[in-house]
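Taking the UniProt record's numbering, the leading residue of the sequence shown gets 1, the next gets one more, and so forth.
The beta-carbon is built from N, C-alpha and C at its ideal position, and this holds for glycine as well.
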Amino acid sequence: YGPYKAKIEPRKANKKSKLVLVTAITPTKYGEGKTTTVISLVDGLNAIGKKAIATLREPSLGPVFGLKGGATGGGKVTVEPSEDINLHFNGDMHALTSSIDLIAAVIDNHIYQGNELDIDPTRVQFKRALDVNDRSLREITIAQGPLSKASGRPLNGIERKDGFVITVAHELMAIMCLAKDEDDFAARLKNILVGYSLSEHKKITVGDLKVSKAVMKLMRQALKPNLVQTSNGSPALVHGGPFANIAHGCCSLISLNTASALSDIVVTEAGFGSDLGAEKFLDIVSDVGDLRPDLCVMVVTIRALKHHGGWQEDEGESVDKMLEGTKNLLQHISNMKKFGLDVVCNINKFYQDTPSEIQALEKFLDERNIPYALNDGFESGVEGCIDIANLVSEHLQMNLSNYHRLYNKNEPLKDKIEKICKEIYHSSLVEYAPLALNKLSEYSSDKDYSSFYVCNAKTPMSFSDNAKLLNAPKDFVCHVKDIELAQGAEFVIPIMGSIVRMPGLPKVPAACKMEEDD
1 YGPYKAKIEP RKANKKSKLV LVTAITPTKY GEGKTTTVIS LVDGLNAIGK
51 KAIATLREPS LGPVFGLKGG ATGGGKVTVE PSEDINLHFN GDMHALTSSI
101 DLIAAVIDNH IYQGNELDID PTRVQFKRAL DVNDRSLREI TIAQGPLSKA
151 SGRPLNGIER KDGFVITVAH ELMAIMCLAK DEDDFAARLK NILVGYSLSE
201 HKKITVGDLK VSKAVMKLMR QALKPNLVQT SNGSPALVHG GPFANIAHGC
251 CSLISLNTAS ALSDIVVTEA GFGSDLGAEK FLDIVSDVGD LRPDLCVMVV
301 TIRALKHHGG WQEDEGESVD KMLEGTKNLL QHISNMKKFG LDVVCNINKF
351 YQDTPSEIQA LEKFLDERNI PYALNDGFES GVEGCIDIAN LVSEHLQMNL
401 SNYHRLYNKN EPLKDKIEKI CKEIYHSSLV EYAPLALNKL SEYSSDKDYS
451 SFYVCNAKTP MSFSDNAKLL NAPKDFVCHV KDIELAQGAE FVIPIMGSIV
501 RMPGLPKVPA ACKMEEDD
């Protein structure tokens with residue numbers, strides 16, 4: 001793939017390597033720099049003589065052209081070639097989207113060509129996908145059109161309701177990232193639920209469609225990790241890219257295992273705040289992959305703390321509002337300790353941060369014996385990463401973590417959902433819409449589903465399912481409006497609040513701002 005990006009053969013995990021999980025406090029809409037922290041930390045660790053690799057998610061075109069922009073770090077700590085990585089990269093997203101839409105096309109063709117499997121067109125569960133934000137595709141009607149004059153049959157297929165999700169929220173992406181190897185991916189692929197039969201309400205899977213081998217041909221190269229390097233020459237594996245708010249939010253297990261075989265320290269990130277990506281990494285990914293995280297790095301920014309303290313962007317310096325926002329930080333740290341993890345704080349320095357704000361935050365952390373380091377990699381490159389690298393290295397040598405999951409897989413689904421809502425989000429009550437309640441009852445009574453993981457879909461902007469409820473709210477109600485099923489990935493997806501799995505573009509998309517950049 002050219003001189004600066006490659007596909008490499010997967011390796012088996014080395015259980016002696018250390019695993020560092022980078023997460024964050026509840027972010028602002030701009031993100032707080034987890035990817036930048038992973039890159040800078042790996043650069044710093046290698047600079048002090050350690051052998052470290054970064055494992056990151058592949059960016060989606062949705063945020064690249066939507067609101068957030070690219071996901072390759074920033075300033076003097078990036079993964080390169082950043083524009084290639086942000087766009088088509090090595091073709092993984094194309095392979096995934098093509099595979100998803102091939103399966104969808106085969107489903108509708110099967111129904112049209114006699115429907116031997118007796119698929120109920122009103123209960124098809126498998127969605128189409130596209131890797132861009134497009135709200136108009138959330139709910140659509142397909143195969144509209146006239147009847148053939150010759151046969152009297154619909155010219156365009158059997159009309160039915162359908163919809164798209166963004167590629168990175170699709171079950172096939174989750175399976176790519178949870179599969180241990182090619183064989184595991186193939187088995188999970190065949191187990192994806194397509195829908196139900198009309199007469200017997202029997203489950204119909206991708207395996208029943210006889211399309212699995214075609215998908216494997218499309219996905220074979222995509223299952224291999226992508227090797228790139230940071231702007232300072234450190235190795236990075238960038239592979240898989242599920243969102244953390246509407247999917248499980250972590251890079252592929254294949255890349256994590258490969259990185260552990262090639263280094264002494266693996267540094268990975270989990271999307272959004274610790275209530276989303278980190279919870280899913282610790283409850284789902286670590287269990288599936290038999291991983292034991294050794295340390296949690298909590299990314300905190302003064303901007304986000306002030307935001308949670310009620311600060312507005314035009315206010316400038318505000319030590320008081322920043323300190324008010326530290327309630328959010330403390331709640332995230334407390335949550336990670338519920339998993340038995342040792343936690344250190346990474347203060348991502350922004351040019352807007354004032355000396356008074358930095359000193360006040362450092363004093364706050366010192367008074368509570370919370371270990372931290374200031375990370376100025378964005379502005380200063382490797383020199384600004386040394387303090388966080390030394391702190392992480394010291395804590396890895398202490399072996400203070402004793403990782404365990406929040407819930408047991410064999411607990412009832414309802415208990416697992418509510419344990420996350422109450423222990424991690426700090427809600428007092430979970431309310432289920434009638435649709436969600438019916439599905440919860442159905443899945444709970446099915447022995448195939450009762451031991452599935454829980455992968456909540458909710459806003460990343462709050463501990464709650466209400467994006468406007470900032471800081472560290474408690475005793476609120478979580479609203480579950482639907483529960484989707486990912487049979488191949490082996491988790492259920494409670495849909496909370498107003499979250500959707502196909503995002504829309506903002507009023508002025510990042511794609512349009514690129515005209516101004518030129």
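Supposed close pair residue i, residue j - CB separation, criterion 8 Å
i           : j    : result
T23         : F378 : Wrong, their Cβ atoms sit about 19 Å apart, outside the cutoff.
V319        : A54  : Not confirmed; about 34 Å, so no contact.
residue 529 : R123 : Because the chain spans 1 through 518 in this model, residue 529 falls outside it and cannot be assessed.
T97         : D131 : 6 Å
G504        : N133 : 6 Å
residue 519 : L413 : The structure shown does not extend to residue 519, since the chain spans only 1 to 518, so no value can be given for it.
V480        : M502 : That pair is no contact at about 19 Å.
N346        : V297 : 5 Å
N471        : G309 : 7 Å
P473        : L67  : P473 to L67, Cβ: 24 Å. No contact.
A511        : F89  : With a Cβ gap of about 18 Å, A511 and F89 do not count as contacting.
L189        : V206 : 6 Å
Identity of the residue in the options nearest residue i by Cα
i           : options                : result
K447        : G157, A174, G289, K409 : K409
D264        : H248, E83, L396        : L396
T72         : S231, M173, A214, V124 : S231
K419        : N438, D287, N402, C455 : C455
Y30         : R405, G273, G309, K481 : G273
I100        : K217, L117, Y443       : K217
F281        : D184, R405, S393, A169 : R405
S40         : I204, V206, E383       : E383
I103        : I85, I495, F126        : F126
L45         : H170, L391, G249       : L391
S451        : G207, P434, V492       : V492
L305        : T26, P355, G340        : T26
G74         : I333, S212, G33        : G33
S260        : Y1, K18, P506          : K18
V20         : A247, L178, V299, H308 : V299
S199        : M322, D120, T354       : D120
residue 533 : N328, G316, T167       : Residue coverage of the chain in this structure runs from 1 to 518, which leaves residue 533 outside it and unanswerable.
K224        : H201, K213, I254, C421 : I254
V343        : E411, E362, S401       : S401
C251        : L237, R57, L365        : R57
H201        : E182, H170, D118, L262 : D118
Residue i versus residue j - alpha carbon distance
i           : j    : result
N399        : K180 : 26 Å
K349        : V508 : 28 Å
A486        : M173 : 11 Å
residue 519 : A6   : Residue 519 falls outside the range modelled here, since the chain spans only 1 to 518, and no answer is possible.
G69         : E515 : 14 Å
D43         : I284 : 28 Å
P235        : A52  : 8 Å
S498        : M461 : 12 Å
G381        : L291 : 31 Å
A389        : I424 : 28 Å
K15         : P293 : 11 Å
E357        : K50  : 32 Å
D475        : A489 : 32 Å
T141        : A457 : 25 Å
W311        : K210 : 56 Å
Y443        : Y449 : 6 Å
G233        : K76  : 12 Å
N86         : D314 : 31 Å
Q359        : G325 : 15 Å
D482        : K338 : 28 Å
E219        : D92  : The identity of residue 219 in the sequence shown is Met, whereas the question assumes Glu. If I take the Cα positions, the gap works out to 8 Å.
C478        : P434 : 14 Å
S334        : D208 : 46 Å
Neighbour flag for residue i against chain D, beta carbons, 8 Å
i    : result
N466 : Although the question refers to chain D, the structure presented lacks it and comprises just one protein chain.
Should the stretch 241-248 be called in touch with the stretch 210-228, which here means at least 3 C-beta pairs below 8 Å?
The answer is no - the stretch 210-228 does not touch the stretch 241-248, with fewer than three Cβ pairs under 8 Å.
Could you pull out every unbroken alpha helix (DSSP H) segment of at least 4 residues lying fully inside the stretch 10-51, listed in chain order?
34-47
Ignoring anything shorter than 4 residues or poking outside the stretch 443-483, list the alpha helix (DSSP H) runs there in chain order.
none
Should the stretch 191-198 be called in touch with the stretch 106-120, which here means at least 3 C-beta pairs below 8 Å?
With the rule of 3 Cβ pairs closer than 8 Å, the stretch 191-198 counts as touching the stretch 106-120.
Ignoring anything shorter than 3 residues or poking outside the stretch 333-377, list the beta strand (DSSP E) runs there in chain order.
343-348, 372-375
Across the stretch 109-120 and the stretch 149-160, are there enough close Cβ pairs to call them in contact, namely three or more that are closer than 8 Å?
yes
What are the complete alpha helix (DSSP H) segments, minimum 4 residues, inside the stretch 135-183?
171-178
Pick out the complete alpha helix (DSSP H) segments inside the stretch 56-89, 4 residues or longer, and give them in chain order.
61-65, 82-86
Which runs of the beta strand (DSSP E), 3 residues or longer, sit entirely within the stretch 206-246?
Taken in chain order, the complete beta strand (DSSP E) segments of 3 residues or longer contained in the stretch 206-246 are 226-230, 235-238.
Only counting runs of 3 or more residues, tell me where the beta strand (DSSP E) segments fall wholly within the stretch 284-323, in order along the chain.
295-300
Runs of 4 residues minimum, wholly inside the stretch 375-410: which ones carry the alpha helix (DSSP H) assignment?
Correct list: 377-380, 386-398.
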